[in-house]
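As structure tokens, the structure follows; a few thoughts come after it.
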Amino acid sequence: DTEVTQTPKHLVMGMTNKKSLKCEQHMGHRAMYWYKQKAKKPPELMFVYSYEKLSINESVPSRFSPECPNSSLLNLHLHALQPEDSALYLCASSQSRDGPYNEQFFGPGTRLTVL
Amino acid sequence: AQSVTQLDSHVSVSEGTPVLLRCNYSSSYSPSLFWYVQHPNKGLQLLLKYTSAATLVKGINGFEAEFKKSETSFHLTKPSAHMSDAAEYFCVVSDSLAGKSTFGDGTTLTVKP
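Those protein sequence lines, which keep their order, are chains A and B.
To convert a position in the first sequence, counted from 1, into the working numbering, add 19.
To convert a position in the second sequence, counted from 1, into the working numbering, add 70.
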């Protein structure tokens with residue numbers, strides 16, 4: 020299985036809602052990533068988990084809260100978001116964070132709209 | 071510090087003609103270099119990667135790239151464009167010092183019939 024899956028595909032939420040994005044991989048990868056991508060822009064790194072521990076937080080606002088319950092799963096909990104947080108949220112995984120096997124495999128993304 | 075510059079924001083070619091997407095990089099350590107493709111409203115797909123083995127790297131769908139250390143370049147080429155190649159392409163650099171990847175701004179490839 021060489022796939023990264025993300026659910027839901029689309030999410031519309033109000034600014035007072037709490038929701039979660041889910042990402043799953045079964046490739047035995049030990050690094051997992053969250054990216055935010057606005058239209059016509061490259062992905063922006065948000066968080067990196069390595070061996071289920073948070074290793075990079077790119078100064079992301081606390082209204083985004085990542086969680087890595089096990090080596091196959093990565094969640095992104097959302098609370099009190101702003102309309103400018105509307106974007107495509109991409110999850111990725113790689114065999115390791117560093118070294119020659121760090122090519123990332125991306126999921127299809129969750130299209131988030133904040134009203 | 072690492073950085074990557076994609077020299078063209080838009081490239082337009084006719085179907086059946088060659089494709090050249092240009093990428094220059096900067097890295098203070100031995101870098102890994104990647105090209106990814108993204109079709110509209112989709113995730114990113116790895117086309118090819120360079121990790122200090124052969125300097126000419128072959129990827130999927132007929133794409134290849136050549137690592138030139140003296141020019142700090144990693145340009146992506148394809149001999150004959152297909153309509154399905156129309157997409158956004160990202161050049162990415164990663165080194166162990168930074169511990170993370172840096173994306174270029176992307177190149178939009180348009181293929182005319």
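The C-beta atom is built at its ideal place from N, Cα and C for all residues, glycine as well.
Note that this is a predicted model, so its numbers are computed, not measured.
A/Y68 is bridged by DSSP to A/M51 and A/L73. Interface residue (Cβ-Cβ distance to chain A less than 8 Å): B/G176 is classified as such. If the five residues before and after A/E77 are omitted, its C-beta is found closer than 8 Å to the C-beta atoms of E63, L64, M65 and F66, all from its own chain and listed in chain order.
DSSP, read as helix, strand or coil, puts A/D104 in helix. One Cα belongs to B/A156, the other to B/E85, and the distance between them is close to 10 Å.
Inclusion of A/M46 and A/K38 in the CB contact set at 8 Å is not warranted, their separation being larger than that value.
Sequence-distant partners of B/V107 (beyond 5 residues in either direction) whose C-beta falls short of 6 Å from its own C-beta, in its chain, are Q115, L117, A157 and Y159. Following the DSSP letters along the chain, one finds A/E86 inside the beta strand (DSSP E) bounded by residues F83 to N89. At least one CB of chain B lies nearer than 8 Å to the CB of A/D117.
As DSSP reads the structure, A/H96 sits in a beta bridge with A/S39 and A/S84. Judged by their CB atoms, B/S79 and B/Y95 are not nearer to each other than the 8 Å cut-off. In the DSSP secondary-structure assignment, B/E134 is bridged to B/K128 and B/T147.
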